[in-house]
Amino acid sequence: MDPASLALGVVAIFKDTYLTAKFIKKTIQSINGYQAEQSSLVMRYTVQIYRLKNLSRLFRAADGNTVDLRLLETVPGEYLNTVREVLAQLQQVLSKYATHAAYLDDDYRRFSPLNPHFHFDPVRDTLEIDDTDGKYQTGNSETTSEEVTDGRVMTKSKWWPFRGIGRMSTKITNSSRRLVSLKSLPQGMQWAFQKSALQETLREFEEWNKDLEHLIAPLLVGFGFYDENRNLQDRLRADGDENIKVNIFQGHVDLNKLANNQPSGTLQDSRIVNDNFISCNTAKEKASEARIFLELKQIAASPKHEGGATTSASGRYDITRPMKELYGPQLARLLRTAGEHSFRTLPFNSYAWDGEKAQYMYLFDYPRGTSDRKPKSLNDFILSSEPRYKLELRQRFFVAQTVARAIGAFHSDGWLHKSIRAHAVKFFFLLDGTCDFVNPYLTDFEFSRPLAGITRLLPQAVDVDHEVYRHPDRHGMPGTSFSKMHDIYSLGVVLLEIGLWQTAKQIHDDVVKYELDGDAKALQPQQIKEAFLQDAKERLAHRMGTAYQEAAIACLDGDWDEFVGSRDFAQEFYKRKGQRGDIFYISIECASGNCANHPAHTWEDVSIVLSQADKSFGHTGSWEHGATGGAMSSPDGGKTWKIATLNIPAQKAQ
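The opening residue of the sequence shown carries number 1 in the UniProt record's numbering; numbering runs sequentially from there.
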């Protein structure tokens, strides 16, 4: 498909989903008897509609009122296809309402290019979309002379013409503003507007918007907002009204500005850093309090002058001064900004400098709704013998997906983590004492820096718990500067740990014991990498599925060199770790838990959970390599499939 057609297709499907969502909201407001639920239901729909509309800022022009087709035609096709596919998912969620909108809603009939009755005059017609339509009046509405401008009916709310596809003037018809009974709706439409159906659609709408979050950073890269179109970042404004403001881009843009040492008007960087910098004694007192999580960043020392390092009065080399002056505030800004947005990091509290130990102290608050109990790490869970810490298969997929998405977002926004490992993935406990497996947090940012930052090639102290996660190029005295590919390698190690439910240190120790006769000093960095790859190739597929296996191998052994530093990196990472993250939901769990010990195995009462993006069981690849099954049924429209019996042949189970 040529760029122009692809661009028009993206805008067309956006308009269709947007107008369908508006139709649902208007109809809810018009149904008599829903008044008690209207406020909450309409408010929740309004937030989701504003989030959907805010996504269109990617291709709206500077005035916010037109489609920038020139920009769209310069965006690589894979990114436009990503937007189109994501919108198609929402279109599927809302499809039953679009059918009714095509016959009953004046706005949809006139303005949706996907409506079979759509026809427009490209010269005279203008599509306008309301910003503050959450407050429809009931009853008839009259248009005054002040509200008519150039023949178009306007309201007191803000409108934006969506030019480039079709142009028509619109107003909400009187019939849509009158309160009606549910029974007065067409018979085929009544079930769709029952409270249970509306609430289920809203739940799926909210899930779609939540799932959209992990795509924002790579889309900003793909649309050039971090590079050649950086001057267009002001377009990425909030959408909403006087009560609701939604900006799905702000956190990512702020992080990217920090990575490029650009001031952010929303952050007021110097004020934030100064306000959060406290004395060492105060930090120590805070660290002893409940609900404070502490991270330490040790500033390294080296006997060699490098990168502008200074010499102390005694003539001794002192690397702490330049790193202290640069690194501390820089990391504080990153942690503060990330903690304020949905980046799977903890709420930032404050930071301090401990001159005696030449280290920074970074303090964080516990997440809301959690108990005072100290968190545990993913590494703790893998090593634990307690059943309550053995993550179920679906939980492992979720944790893997969440960590991968968080790393991908930081990379897209211009930051490296540099210390990805199972110890850095933390879980907190809820008030009832159970562990919150749904909310893993990424911590241990002690070595994080911007992509363009300076790498100090200093020898690292030998710490096996850290060393096993490092790329072979970064062991000992690093021979190369740290890059995205080194973070991705570490991510691959974590994916392997999650899949095998075995720590990287345990794999390391097995190599030393059985292949090197216990001589740990003889272990070469490349050997541990080969051991990880061998385990991924031989042991991972039957536990987590081939798609998960391929993602882990791509991280451990992927050829990323041609993509590092290019605009295509975000899309390539997104693609290799599994499109839309679906690989982390495609698997089968054996209830007996001992499937790996059988040459072949038969599952009974299998439950396969698919992601929202893929409602077709045939897309899971679960019938590969001769696996067979029968008596399939889905109680929720294809999201979860129940299978009476599933037979796995020998080559799959071993």
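We put the beta carbon where it would ideally sit given N, CA and C, even for glycine. Predicted model only: the values in this text are computed from it and were never measured.
Measuring alpha carbon to alpha carbon, tell me which residue in 474, 530, 298 is nearest residue 355. By alpha-carbon distance to residue 355, the top candidate from 474, 530, 298 is 298.
Should residue 239 and residue 231 be called a contact, given that it needs their Cβ atoms to be closer than 9 Å? No, Cβ-Cβ distance for residue 239 and residue 231 is not below 9 Å.
If you measure between the beta carbons of residue 192 and residue 100, is that distance less than 9 Å? Cβ distance < 9 Å, so residue 192 and residue 100 count as in contact.
Just to check my reading of the structure: residue 379 and residue 423 have Cβ atoms closer than 8 Å, yes? What is that Cβ distance to the nearest angstrom? Indeed they touch by this definition, with Cβ atoms about 5 Å apart.
Among 557, 520, 513, 215, the one whose alpha carbon lies nearest that of residue 532: Distance check between residue 532 and each of 557, 520, 513, 215 places 557 closest, using alpha-carbon atoms only.
Can you name the residues that DSSP bridges to residue 44? Residue 44 is not bridged to any residue.
Helix, strand or coil at residue 226 [DSSP, three-state]: The three-state secondary structure of residue 226, taken from DSSP, is coil.
Tell me the rounded alpha-carbon separation between residue 484 and residue 104. The alpha-carbon atoms of residue 484 and residue 104 are separated by roughly 52 Å.
Nearest to residue 223 (by Cα), restricted to the options 83, 110, 18: Out of 83, 110, 18, 83 has the C-alpha closest to the C-alpha of residue 223.
Take the Cβ of residue 538 as the centre, count every other Cβ of all protein chains shown within 10 Å, and call the residue buried at 16 or more, exposed below. By the Cβ-count criterion, residue 538 is exposed, with fewer than 16 other Cβ atoms from all chains shown falling within 10 Å of its own Cβ.
Local conformation of residue 12 per DSSP, three classes: The three-state reading of DSSP puts residue 12 in helix, counting H, G and I together.
Select from 463, 397, 23, 6 the residue whose C-alpha is nearest the C-alpha of residue 79. Nearest Cα to residue 79 within the set 463, 397, 23, 6: 6.
Counting pairs of Cβ atoms below 8 Å between the stretch 193-209 and the stretch 40-48, do you hit three or more? Because the criterion of three Cβ pairs below 8 Å is met, the stretch 193-209 and the stretch 40-48 touch.
At what residues does the alpha helix (DSSP H) containing residue 89 begin and finish? Segment 77-93, the alpha helix (DSSP H) holding residue 89.
For residue 372, which of helix, strand or coil comes out of DSSP? Reduced to three states, the DSSP call for residue 372 is coil.
Going by beta-carbon coordinates alone, are residue 64 and residue 235 separated by less than 9 Å? Taking 9 Å as the Cβ cut-off, residue 64 and residue 235 qualify as a contacting pair.
By the DSSP assignment, the beta strand (DSSP E) with residue 295 in it spans what residues? Where residue 295 is concerned, the enclosing beta strand (DSSP E) stretches over 292-298.
Does the beta-carbon of residue 544 have 16 or more other beta-carbons within 10 angstroms, so that it is buried, or is it exposed? The residue in question, residue 544, is buried, as its Cβ has 16 or more Cβ neighbours within 10 Å.
Under the rule that 16 or more other beta-carbon atoms within 10 Å means buried, what is residue 156, buried or exposed? With a pLDDT of 32 at residue 156, under the threshold of 50, the predicted position of this residue should be treated as unreliable, and no value is reported.
Anyone know if the C-beta pair for residue 251 and residue 370 falls short of 9 Å? No, these two residues do not count as a Cβ contact at 9 Å.
Anticipated Cβ contact below 8 Å, residue 658 with residue 516, distance rounded: A query on residue 658 cannot be resolved here, the shown segment of the chain reaching from 1 to 654 and no further.
What did DSSP end up calling residue 352 once you bin it into helix, strand or coil? In the structure shown, residue 352 adopts extended strand secondary structure according to DSSP, grouped into three states.
Does DSSP classify residue 469 as helix, strand or coil? Reduced to three states, the DSSP call for residue 469 is coil.
Just the Cα atoms here: how many angstroms apart are residue 333 and residue 519? Spanning the two alpha carbons is a distance of roughly 44 Å.
Under 9 Å between the Cβ atoms of residue 390 and residue 397? No, Cβ-Cβ distance for residue 390 and residue 397 is not below 9 Å.
Close-in-space but distant-in-sequence residues of the same chain around residue 94 (CB under 8 Å, 5 per side omitted): Counting only Cβ-Cβ distances below 8 Å, and skipping sequence neighbours, we find 17, 20, 21, 24, 201, 205.
Between residue 503 and residue 106, what straight-line distance do the alpha-carbon atoms span, to the nearest angstrom? Between residue 503 and residue 106, the C-alpha separation is close to 60 Å.
What do you reckon, are the CB atoms on residue 350 and residue 286 nearer than 9 Å? Yes. Within cutoff.
In angstroms with no decimal places, state the Cα-to-Cα distance between residue 27 and residue 241. If you take the alpha carbons of residue 27 and residue 241, they lie about 20 Å apart.
Nearest neighbour of residue 497, chosen from 194, 403, 438 [CA to CA]: Between residue 497 and the set 194, 403, 438, the nearest pair of CA atoms involves 403.
Compute the Euclidean distance between the alpha carbons of residue 55 and residue 112, then round it to the nearest angstrom. So the alpha carbons of these two residues sit roughly 18 Å apart.
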